[in-house]
Amino acid sequence: MPLHSSPPPPKAMIPRLSSTATSASIYLDFIAELRLRGFAGEISAALADRTVLATDNSIYQLLPQAVVFPKHQDDVIRVVKLASEPRFHSIKLYPRGGGTGTNGQSLGDGLVIDLSKNMNTILEINAAERWVRVESGVVKDQLNRELAKHGLFFAPELSTSNRATIGGMINTDASGQGSCLYGKTRDHVLELATVLLDGTLWHSQPINDELLLQICEQDNTVGHVHGLIAQIYKDHSEQISTTFPKLNRCLTGYDLAHIRNNDDQFDLNAILCGSEGTLGLIIEAKLNVLPLPKYSALINIRYLSFDAALRDAPKLMALGAASIETVDSTILQLAKGDLSWQGIAGFFPEDGEPALGINLLEVLSDDEADLSAQIAHIEQGLGHKRFTVARGDAAVKRIWGMRKKSVGLLANRAGEARPIPFVEDTAVPPEHLADYIAEFRALLDAHGLFYGMFGHVDAGVLHVRPAIDMKDPNSLALVRQISDGVAALTQKYHGVLWGEHGKGLRSEYAPAFFGKLYPCIQQIKQVFDPHNQLNPGKIATPSADEALLKIDAVPTRGQYDRQIPIHIRKDYEGALHCNGNGACYNFDPDDAMCPSWKATRQRRHSPKGRASLMREWLRQLAENGVDPGKTLPASWPRRLINSLNKKGDFSAEVMEAMNGCLACKSCAGQCPVKVDIPALRSQFMHLYYGRYLRPAKDYLVASLEATLPLLAKMPRLYNALVSHPLSKKLQKQFNLVESPQLSGIDLQAALLHRGFAIASVNTPNTPNSVIIVQDAFTSFFETQLVLDVFELLKKLGFTPLLAPYKPNGKPLHVHGFLPQFARLAADNSKMLQALTLSGIPLVGIDPSMTLTYRSEYAKTLAHPPQVALLQEWLAAALAKRPVIPAHTAQSFTLLPHCSEKTNVASAYSDWDKVFTALGHTLATQAAGCCGMAGTFGHEADHRAMSEQIYAQSWGKIVAQHAEVDSNQSKLLATGYSCRCQAKLIDQATLRHPVQALLAALESAAANVGHSSHHSVT
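This is the structure in structure tokens:
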């Protein structure tokens, strides 16, 4: 080949991707038989569902053969009973919960049993006796939200609490911050319901010797299990006592040391907790719950080095804090770039000397005076250290929020070498932690690795994530060297390698840790799982003839990703950098991320799922020798032919997932790695519709901004047409519903009539001038709002000017019309840049449209126009003036817009500043997505999901405000789409904050005039 060969010619379109990995016939036979036997849940062998469950938060990737989503316990029993039949002994079962494991605990190349989608009910809360009964798919924060109504909580804490399932916590014996006070998950398990491999549903709880003897006499799996474990304890109790270190984080799974509890009862749950699905499928649990502490505080201590923070920990432990957490300077610096930092910066002041390590001391009490006394005692013990104190639930939660984000913050480090988990939860005696970490750091430094550290110094657990580019062919050798070194180091300091996050694919070190007791572990595995079907290769094998999986012999994500050429990775780096931490699986309906996941409970309809599909799609294109950037759209006839034969094309599976995205951009702001799925979606749709025909609806939506000025000249005709029954039927044929009506107001004429001016390049920069940038939706559908903005600004002493109307282009971008968007953005930007030459600031009204200038425009243009959100500019402008006392102070509640809330840290504090400056109060209500999201809720095939999303959060909030059917509503919303949705579903009138402020000013003026009239009279 010549040295300077020309690049390959462009291909006409992306190819059909049909030679994908199909499921093995034995698994297809298995799921077919499962359906025949009455399995009521969902079953899938689709590559999309298998792909999104091939990864977790670890470095590994194992493609399952099929996935089942049991609807109830009978479904789980059907699965295991069928698998226990001799013809299906080769079937491997991998139970899965939240999928947030860091060691591949739930990954495997067999049948994944997802217990999170359907089996997620809180079955019973007994507040008087302080226990709760839940299905295994219940999320920890979901449980604690309900328990809080009774003044109770489930104590074991972990950073993934908003998506980690109780079943997953039990199976890894999870714990985190506060474990020295509250213990691990195992310490709160009262009873478990486990489906054993013979189909038995066994309820295990601590039992006395008399009942144990009766159970041991049974000639079945249950009897054999109890008999074996009782005998092991009897024969090896002394050896068990001397083998395992006496640590807060001693054993997770097969816990021989706790077969007998403190009351000398036999407790099978000590073996099951932390067993990672290798012994049975835990489907239900009865848990101990505790009273919520009434008062809390955090003492935040800053150090000149991380080593100083670690060495100070033993002294701090003597001061009696409830828990002690530590964070190094790496995490701290990354946190300063996160949206959450604004709310906690005051607790970590920049006072001359940089903080290179911090310790967070938690103080809890049911009595405020006692809390103050504890704080005073600790402060006295601290001497002259640099520290601050955060008191109150809100402040404490904000700081803990930063600490919980530590893992995600690390992952957002720039570059291809990203911090990864594989040696991250070792535990050693706390008094040896500083020395241990010094050697740990020396090991990493010897390899020249970047890393961050944080963790639970009171428990001797520190999370360490070295940064390695797993796409590098030498990466696995490095993982091996460091893992072996850390394992040896941990044994040297009498610690454990798995202090918190389970063993999973790191189980190869288990024989060395269990020592002479490892054959006992194998015996336990054998009696539960004689054919090695349950999560095989992890923790233990049923015989010496079968091996545990090796850390460097399991496929990794990096091995697949390196098949994608480097320049293509850069074009789609968001998909490649998703590390699977699962922040997008947030259960909270009152949090913006991710609405499509919350509505469907399908992993492929989450940001992580879509990123996984994009990675696999790009890999398959590379496998076919296709560079997506070099393709060209096919001709219309070719696309028509292709559209008649989509079935079997993996691209169609990816499109199904992308089509469910609302493009709300919550992931772009809330994902710790900032994976922007709407951007990836647009890139994909641009290429996908080069092969297949677009829906006609896309062209209608894409042309809307350009055609609105013409349509606005005949508003009555347009409104009559879109509201006519026949027209509605026709719109539905185009997949459109609930089309909004034009306001009928000519904005430019109305403003000129009121004495306002249109901005031009010749407009002089007079004091207090501001240019309002139009968007299609407020200018033509909510024209009165634009007029109200002008009136309010005028009353506040500003001179608002109207920018000439040009399409913004967001609908084009959302639907993947990327070349058209680029041309339009350049044209609009040219006009806006010309207006800024005068120095007058540009301000937008609708959040979604305005943020397009700093997101999509910024990625498309070298010099995008700077357009501020209305509240950003107004808060800054009003800050230069004295507070204007309101005639009658009013209180309002603001419902947030997804894009605004998750992508602009100051979005709502700025509105609060504006209202405060004008003498009113504003509270921002925690809320999820409204479900409209631009055109999403106007599409017929999405309307049901749109309404479902609205009902999960907004519907409940709107229902609590009785006055929303009037123009006097105290419930406000900044988003045009949000106000439309509330009007459509609840006939609720939600005002924009500007309209509330204008009404308050006009009311005050009217009252002053009325008072003056009476005084004259």
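The sequence shown begins at 10 in my numbering and counts up one residue at a time.
Just so it is clear, CB atoms sit at the ideal spot from N, CA and C, and this is done for glycine as well.
First through last residue of the alpha helix (DSSP H) which encompasses residue i
i: T933; result: No alpha helix (DSSP H) contains T933, which is instead part of the beta strand (DSSP E) from 930 to 933.
i: G177; result: 175 to 181
i: S381; result: 377 to 391
i: A785; result: 785 to 789
Helix, strand or coil at residue i according to DSSP, with G and I counted as helix
i: L713; result: helix
i: G461; result: strand
i: H1022; result: Low per-residue confidence applies at H1022: pLDDT is 49, beneath 50, and the placement is therefore not dependable enough to give any value.
i: L1006; result: helix
i: D337; result: strand
i: P616; result: helix
i: W606; result: helix
i: V121; result: strand
i: I575; result: helix
i: R648; result: helix
i: Y304; result: strand
i: H872; result: coil
i: L526; result: helix
i: S53; result: strand
i: E448; result: helix
i: S14; result: For S14, the predicted model reports a pLDDT of 44, less than 50, meaning its position is unreliable; a value from the coordinates is still stated below. Of the three classes helix, strand and coil, the one that applies to S14 here is coil, per DSSP.
i: R566; result: helix
With 16 other Cβ atoms within 10 Å as the buried cut-off, status of residue i
i: S27; result: exposed
i: Q114; result: buried
i: V892; result: exposed
i: A877; result: buried
i: H386; result: exposed
i: I35; result: exposed
i: P816; result: buried
i: W507; result: buried
i: P482; result: exposed
Nearest residue (CA-CA) to residue i, options the options
i: F253; options: A55, V437, F826; result: V437
i: V913; options: P874, V852, S675; result: S675
i: A2; options: P704, P816, T902; result: Since the first residue of the chain shown is 10 and the last is 1026, residue 2 is not available in this structure.
i: K992; options: V967, A1005, K979, S1012; result: V967
i: T936; options: R890, A21, L116, P604; result: First, the amino acid is wrong: residue 936 is Ala here, not Thr. Checking every option, the nearest Cα to that of A936 belongs to P604.
i: T792; options: N774, K819, G753, P809; result: G753
i: Y985; options: G853, K979, W920; result: G853
i: R412; options: S284, P681, Y701; result: P681
i: F786; options: T435, T261, A942; result: A942
i: T925; options: A885, H947, P905; result: A885
i: Y312; options: A364, P104, A895, E285; result: A364
i: Q590; options: G417, M623, V635, L870; result: The sequence given here places Asn at residue 590; Gln does not occur at that position. Comparing Cα-Cα distances from N590 to each of G417, M623, V635, L870, the minimum goes to G417.
Boundaries (first-last residue) of the beta strand (DSSP E) holding residue i
i: Y103; result: 102 to 105
i: K295; result: 290 to 297
i: N135; result: 131 to 135
i: F357; result: Neither: F357 is in no beta strand (DSSP E) and is coded neither H nor E.
i: L903; result: 900 to 904
i: V3; result: This structure leaves residue 3 out entirely; the chain is present only between 10 and 1026.
i: P681; result: Where P681 is concerned, there is no enclosing beta strand (DSSP E), given that its DSSP letter is neither H nor E.
i: E144; result: 140 to 144
i: F396; result: 395 to 400
Contact check, residue i vs residue j, beta carbons under 8 Å
i: I292; j: E155; result: no
i: T335; j: N297; result: no
i: C673; j: A620; result: no
i: L557; j: G494; result: no
i: L485; j: D561; result: yes
i: L689; j: G764; result: no
i: D58; j: L288; result: no
i: L713; j: P820; result: yes
i: S332; j: C189; result: yes
i: G464; j: P439; result: no
i: S748; j: V731; result: yes
i: L927; j: A982; result: no
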